[in-house]
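Engineer: FYI, the numbering for the sequence shown is 0 to 117, going by numbering that gives the first Met the number 0.
We treat Cβ as the ideally placed atom computed from N, Cα and C, and that holds for glycine.
Here the structure is a predicted model, which is why all the values come from computation and not from measurement.
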Amino acid sequence: MHGVVQNPVKPASDKPIEVTDVTFKETIQNHSLVVVDCWAAWCAPCRMVAPIIDEMARDYAGKILFGKLNVDENRQVATQYEIMSIPTLLVFKNGQLVDRVVGAMPRQMLEPKITRYL
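1) Which residue wins for smallest C-alpha separation from K67, given the options V34, F91 and P105?
2) Tell me which residues share the same chain as P15 and place their Cβ nearer than 8 Å to its Cβ, disregarding the 5 neighbours each side in the sequence.
3) Quick test of the definition: if touching needs 3 or more C-beta pairs under 8 Å, does the region 97-108 touch the region 67-77?
4) Helix, strand or coil, according to DSSP, for C37 in the structure here?
5) By Cβ distance, which residues of its chain are closer than 8 Å to P44, with the 5 residues on each side in sequence left out?
6) Per the DSSP calculation, K92 is bridged to which residue(s)?
7) Rounded to whole angstroms, what is the Cα-Cα separation between P105 and V21?
8) By a C-beta neighbour count over all protein chains shown, 10 Å radius and 16 as the cutoff for buried, is N93 buried or exposed?
9) F23 and V90: beta carbons closer than 7 Å?
10) Please tell me whether N73 and T19 are closer than 7 Å, where the distance is taken between their beta carbons.
11) Could you give the distance in angstroms between the alpha-carbon of H30 and the alpha-carbon of A60?
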């Protein structure tokens, strides 16, 4: 087709997707830039970060895929990446872990830590 660009990398969603032990590997390998928010329901700082992640997922739709991984329900990934404190954001570029951001922080501090990998 004329004018259609074929791209093997799936476009990022405009809202965070749920990531599990089962879907984790496929998720980070099928998107060029992925941020996985490691959280738990009982974690107050995680609830503070959640709306920021939601906003950034909308603002960077098509560029960054944001995922949410409940560490209580998905211990395999949490153990593999040694998640000792939450919230922890794992940043993957082309399937490789390139950064981790630990703790809650305002968007103006968090955003540059992620967007530098675009």
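Structural biologist: By the coordinates alone:
1) Walking along the sequence shown from the start, residue 67 turns up at place 68. Looking at V34, F91 and P105, the one whose alpha-carbon comes closest to that of K67 is V34.
2) On the sequence shown, residue 15 is found 16 positions in, with the first residue counted as 1. Same-chain partners within the cutoff: D36, I52, D53, A56, F65, G66 and K67.
3) Contact fails: fewer than three Cβ-Cβ distances are below 8 Å.
4) By one-based count along the sequence shown, residue 37 stands at place 38. Three-state DSSP puts C37 in a strand.
5) On the sequence shown, residue 44 is found 45 positions in, with the first residue counted as 1. Excluding sequence neighbours, P44 sits near I85, P86, G102 and A103.
6) Here residue 92 refers to the residue found at position 93 of the sequence shown. K92 is bridged by DSSP to L32 and Q95.
7) In the sequence shown, counting from the first residue as 1, residue 105 sits at position 106. In the sequence shown, counting from the first residue as 1, residue 21 sits at position 22. Straight-line Cα distance between these residues: approximately 31 Å.
8) Counted from its first residue, the sequence shown places residue 93 at position 94. With fewer than 16 other Cβ atoms from the protein chains shown falling within 10 Å of its own Cβ, N93 counts as exposed.
9) In the sequence shown, the residue the question calls residue 23 occupies position 24. In the sequence shown, the residue the question calls residue 90 occupies position 91. No, the Cβ-Cβ distance between F23 and V90 is not below 7 Å.
10) Mapped onto the sequence shown, residue 73 falls at position 74. Mapped onto the sequence shown, residue 19 falls at position 20. In contact: N73 and T19 (Cβ atoms closer than 7 Å).
11) As a working note, residue 30 is residue 31 in the sequence shown. As a working note, residue 60 is residue 61 in the sequence shown. Approximately 12 Å, taken between the alpha carbons.
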